[in-house]
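Peer 1: Protein chains in written order, with the working numbering: chain R, 714 to 831; chain X, 115 to 533. Quick one: this structure, given as structure tokens, is what I'll be asking you about.
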């Protein structure tokens, strides 16, 4: 972001804050509607792999949604719940497949923690 | 201290090439990156081509691996629609089909492969005998995905069966012809083959195994109208699809005098016999870290992993290749996930009834060590099996055979110090 939004109209791009395993924070502007996974891949954020391209077949886009933001996304579907059992890092109640999380103005500023392995 | 690498040229803009470009930037490579691809589109994901894209569930847009703008903003030059004629190793240049020369400090070959065809003079001329590898292939195939159309698929590997499932979803009549006595014969055990054969039959696919194609029926326009088997049967079809594997594209490497043996031969750091030239992805014939010898893997996870390895090597913090291979295949509501390679196993454990239902876990053992697993709609078992395989330690077979005990509980017994 080059400037702080002064009104709603200007602030029209959802931002995602990725927290890498070493604590580094990367703030990324997303395209509205694009997934948290795809946004990370586009921004070359390491640690979100997404090998199956969002087909919910690989569980390599596993993330932990920050506690304060967990309620902003639609709940985990049955398919996603099944795949969350196949993650490399131990899942928690905040685990999601980031290919299933669309970035919207609703989620603007969301904090996403990246696990140390996929 | 070595001096930083200047320009890296990547030939092949599929999953391996695109991921290598990104991984180089992520690993801190400061020099130029040029990604040269023969296909007209920016890098896209191939797996959905035989699945969601073919079934009409997703469009072209959603296939792109990264937004096209990402390359420019990361100083990655993508030259799509650009064929490479040869490599001039002495001059450290590639020569494009146009005659233009492009210099490199390091060259990464990610040329993948092309589908094998079992052509006769008839099929070579016909416009309705297809293969599936590229977006153009899938777009052509999609034209035939009309309810009531008849598909004859030759070859019952992953691609053939995925297309069969997608075609059924679109209301086609589907026949699959396989020369081997069972489906998926090259990649899995008879138990898993039987499971998939049953599912496809239940879904209305006619599967003919142990069948040899003898010839083709041809219409006046030159298109094929049916496939004739050695036993005399004729299978009528509106189109024929060859799903009989791929041939690695090694011709550039061969012409350049690099070592080629069922793919471009590399070491565990993806280096070819020329230290400035690397090969990754479907085309690399790389050392098998567990069983020795060379192997080649056709999969996205392997392409991505080798892309990360080559980036680590080029940027001077090399990491050897030691990943457990894994694969997936979506057919109907089934998610097959395979970890490890089910080769040279001496025992197997089946944890579901393969004759019933839509879930299955099969583990392959050497001694008491799990070396591979196939799971269908059992993601938790897949996760546990990956850990058991990576640990490479003996497990209690009685526990393994007891479907009542979650596989996960075995992980703790072998994974000490492994995580």
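Here a beta-carbon is modelled for each residue, glycine too, at the ideal position from N, C-alpha and C.
Please state the DSSP three-state secondary structure of residue 251 of chain X.
Peer 2: One-based indexing of the second chain puts residue 251 of chain X at position 137. Of the three classes helix, strand and coil, the one that applies to residue 251 of chain X here is helix, per DSSP.
Peer 1: Using 8 Å as the Cβ pair cut-off and three pairs as the minimum, do the stretch 434-443 of chain X and the stretch 500-511 of chain X touch?
Peer 2: Judged by Cβ distances under 8 Å, the stretch 434-443 of chain X makes contact with the stretch 500-511 of chain X, as three or more pairs qualify.
Peer 1: Verify whether the separation of the beta carbon atoms of residue 536 of chain X and residue 410 of chain X is less than 7 Å.
Peer 2: What the structure shows of chain X is the stretch from 115 to 533, and residue 536 of chain X is not part of that stretch, so it cannot be assessed.
Peer 1: Along the chain, where does the alpha helix (DSSP H) that runs through residue 140 of chain X open and close?
Peer 2: On the second chain, residue 140 of chain X is found 26 positions in, with the first residue counted as 1. Where residue 140 of chain X is concerned, the enclosing alpha helix (DSSP H) stretches over 129-140.
Peer 1: Identify the continuous beta strand (DSSP E) that holds residue 452 of chain X and give its terminal residues.
Peer 2: The residue you call residue 452 of chain X lines up with position 338 of the second chain. Counting along the chain, the beta strand (DSSP E) containing residue 452 of chain X begins and ends at 448-454.
Peer 1: Can you list, in chain order, the residues of its chain whose CB lies under 6 Å from that of residue 201 of chain X, leaving out five sequence neighbours each side?
Peer 2: As a first step, residue 201 of chain X must be located in the second chain, where it is residue number 87. Closer than 6 Å at the Cβ level, and outside the excluded window around residue 201 of chain X, lie 208, 366, 370.
Peer 1: When you compare each of X/218, X/389, X/271 to residue 120 of chain X by their alpha carbons, which one comes out closest?
Peer 2: The residue you call residue 120 of chain X lines up with position 6 of the second chain. Taking only the C-alpha atoms, the option nearest residue 120 of chain X is X/218.
Peer 1: Can you tell which of X/493, X/455, X/481 has the C-alpha that lies nearest to the C-alpha of residue 472 of chain X?
Peer 2: Residue numbering aside, residue 472 of chain X sits at position 358 when the second chain is read from its first letter. The shortest Cα separation from residue 472 of chain X among X/493, X/455, X/481 belongs to X/493.
Peer 1: Using DSSP's beta-bridge definition, name the partner residues of residue 202 of chain X.
Peer 2: Locating residue 202 of chain X in the second chain gives position 88, where the first residue counts as 1. BP columns for residue 202 of chain X point to X/207.
Peer 1: Determine the DSSP secondary structure at residue 339 of chain X, reduced to helix, strand or coil.
Peer 2: The residue labelled residue 339 of chain X in the question sits at position 225 within the second chain. The answer is strand: DSSP assigns residue 339 of chain X an E or B state.
Peer 1: Measuring CB atoms only, is the stretch 156-172 of chain X touching the stretch 128-137 of chain X, in the sense that at least three cross pairs come out at less than 8 Å?
Peer 2: The stretch 156-172 of chain X makes contact with the stretch 128-137 of chain X; the number of CB pairs closer than 8 Å reaches 3 or more.
Peer 1: Any idea what DSSP makes of residue 740 of chain R, helix, strand or coil?
Peer 2: To locate residue 740 of chain R, count along the first chain from 1; it is residue 27. Strand, per DSSP.
Peer 1: How would you call residue 740 of chain R, buried or exposed, if buried means at least 16 neighbouring beta carbons within 10 angstroms?
Peer 2: In the first chain, residue 740 of chain R corresponds to position 27, counting from 1. Under this definition residue 740 of chain R is an exposed residue.
Peer 1: Thinking residue 525 of chain X and residue 482 of chain X are a contact (beta carbons under 8 Å), I'd like their distance in whole angstroms, please.
Peer 2: As a working mapping, residue 525 of chain X is identified with position 411 in the second chain. As a working mapping, residue 482 of chain X is identified with position 368 in the second chain. Actually they do not touch by this definition, with Cβ atoms about 15 Å apart.
Peer 1: Here's the rule: buried if 16 or more other CB atoms are within 10 angstroms of the residue's CB, otherwise exposed. What is residue 187 of chain X?
Peer 2: The sequence position of residue 187 of chain X within the second chain is 73, counting from 1. So residue 187 of chain X counts as exposed.
Peer 1: Of all the residues that make up the stretch 482-516 of chain X, which are near chain R by a beta-carbon distance shorter than 8 Å?
Peer 2: 491, 493, 494, 496, 497, 500
Peer 1: So that I know if they touch, is there some Cβ in chain X lying closer than 7 Å to that of residue 755 of chain R?
Peer 2: If you number the first chain from 1, residue 755 of chain R lands on position 42. Cβ-Cβ to chain X under 7 Å: yes for residue 755 of chain R.
Peer 1: Please classify residue 325 of chain X as buried or exposed, where buried requires at least 16 neighbouring CB atoms within 10 angstroms.
Peer 2: In the second chain, counting from the first residue as 1, residue 325 of chain X sits at position 211. Looking at its Cβ environment, which holds 16 or more other Cβ atoms inside 10 Å, residue 325 of chain X is buried.
Peer 1: Taking only beta-carbon positions, decide if residue 796 of chain R is within less than 7 Å of chain X.
Peer 2: Residue 796 of chain R sits at position 83 when you count from the first residue of the first chain. It does: the Cβ of residue 796 of chain R has a partner Cβ on chain X nearer than 7 Å.
Peer 1: Look at the alpha carbon of residue 720 of chain R and the alpha carbon of residue 818 of chain R, and state the distance between them as a whole number of angstroms.
Peer 2: Start at 1 with the first residue of the first chain, and residue 720 of chain R comes out as number 7. Start at 1 with the first residue of the first chain, and residue 818 of chain R comes out as number 105. For residue 720 of chain R, the predicted model reports a pLDDT of 44, less than 50, meaning its position is unreliable and no value from the coordinates is stated.
Peer 1: Using a Cβ-Cβ distance cut-off of 7 Å, determine whether residue 134 of chain X contacts chain R.
Peer 2: Sequence index remark: in the second chain, residue 134 of chain X carries index 20 (1-based). By the rule that beta-carbons nearer than 7 Å mark a contact, residue 134 of chain X does not touch chain R.
Peer 1: Please check the pair residue 813 of chain R and residue 793 of chain R, which I expect to be a contact at CB under 8 Å, by giving their CB distance rounded to whole angstroms.
Peer 2: Here residue 813 of chain R refers to the residue found at position 100 of the first chain. Here residue 793 of chain R refers to the residue found at position 80 of the first chain. 5 Å between Cβ atoms; contact.
Peer 1: With 9 Å as the C-beta to C-beta threshold (strictly closer), list the residues of the stretch 767-784 of chain R near chain X in chain order.
Peer 2: 767, 768, 769, 770, 771, 772, 773
Peer 1: In the DSSP assignment, find the alpha helix (DSSP H) that holds residue 314 of chain X and state where it starts and stops.
Peer 2: Translated into positions along the second chain, residue 314 of chain X becomes position 200. Residues 304-316.
Peer 1: Check the Cβ-Cβ distances between residue 415 of chain X and every residue of chain R, and say whether any is below 7 Å.
Peer 2: By 1-based counting over the second chain, the position of residue 415 of chain X is 301. Taking Cβ atoms only, chain R reaches closer than 7 Å to residue 415 of chain X, which makes this a yes.
Peer 1: Which term fits residue 405 of chain X, buried or exposed, when burial requires 16 or more other beta carbons within 10 angstroms of its beta carbon?
Peer 2: Position 291 of the second chain, counted from the first residue, corresponds to residue 405 of chain X. With fewer than 16 other beta carbons inside 10 angstroms of its own, residue 405 of chain X counts as exposed.
Peer 1: Along the chain, where does the alpha helix (DSSP H) that runs through residue 418 of chain X open and close?
Peer 2: Mapped onto the second chain, residue 418 of chain X falls at position 304. Note, residue 418 of chain X: alpha helix (DSSP H), 414-428.
Peer 1: So within the stretch 502-527 of chain X, which uninterrupted alpha helix (DSSP H) runs reach at least 4 residues, ignoring any that extend past its ends?
Peer 2: Whole alpha helix (DSSP H) segments, 4+ residues: 511-515.
Peer 1: Listed from N- to C-terminal order along the chain, which residues in the stretch 796-830 of chain R have their beta-carbon within a distance smaller than 7 Å of any beta-carbon of chain X?
Peer 2: 796, 798, 799, 800
Peer 1: Shortest alpha-carbon distance to residue 263 of chain X belongs to which of X/287, X/311, X/249, X/256?
Peer 2: As a working note, residue 263 of chain X is residue 149 in the second chain. The option with the nearest alpha carbon to residue 263 of chain X is X/287.
Peer 1: So, is the C-beta of residue 250 of chain X closer than 7 Å to a C-beta in chain R?
Peer 2: Position 136 of the second chain, counted from the first residue, corresponds to residue 250 of chain X. By this cut-off, residue 250 of chain X is not an interface position.
Peer 1: Report yes or no: do the stretch 801-813 of chain R and the stretch 773-782 of chain R share at least 3 C-beta pairs separated by less than 8 Å?
Peer 2: Touching, yes, given that three or more Cβ pairs across the two stretches are closer than 8 Å.
Peer 1: Taking contact to mean 3 or more Cβ pairs, one atom from each stretch, closer than 8 Å, check whether the stretch 356-363 of chain X and the stretch 227-238 of chain X are in contact.
Peer 2: yes
Peer 1: Using 8 Å for Cβ pairs, my map puts residue 276 of chain X next to residue 443 of chain X. What's the rounded Cβ distance?
Peer 2: Along the second chain, one-based indexing puts residue 276 of chain X at 162. Along the second chain, one-based indexing puts residue 443 of chain X at 329. That belief holds up - the Cβ atoms of residue 276 of chain X and residue 443 of chain X are roughly 6 Å apart, short of 8 Å.
Peer 1: Would you identify the three-state DSSP class for residue 174 of chain X, choosing helix, strand or coil?
Peer 2: For the purposes of this step, residue 174 of chain X is taken as residue 60 along the second chain, with counting starting at 1. If DSSP states are grouped into helix, strand and coil, residue 174 of chain X belongs with coil.
Peer 1: Give the interface partners of residue 759 of chain R over in chain X, defined as CB-CB distance under 8 Å, in chain order.
Peer 2: Taking the first chain and counting its residues from 1, the one referred to as residue 759 of chain R is at position 46. Going along chain X in sequence order, the residues near residue 759 of chain R (Cβ under 8 Å) are 140.
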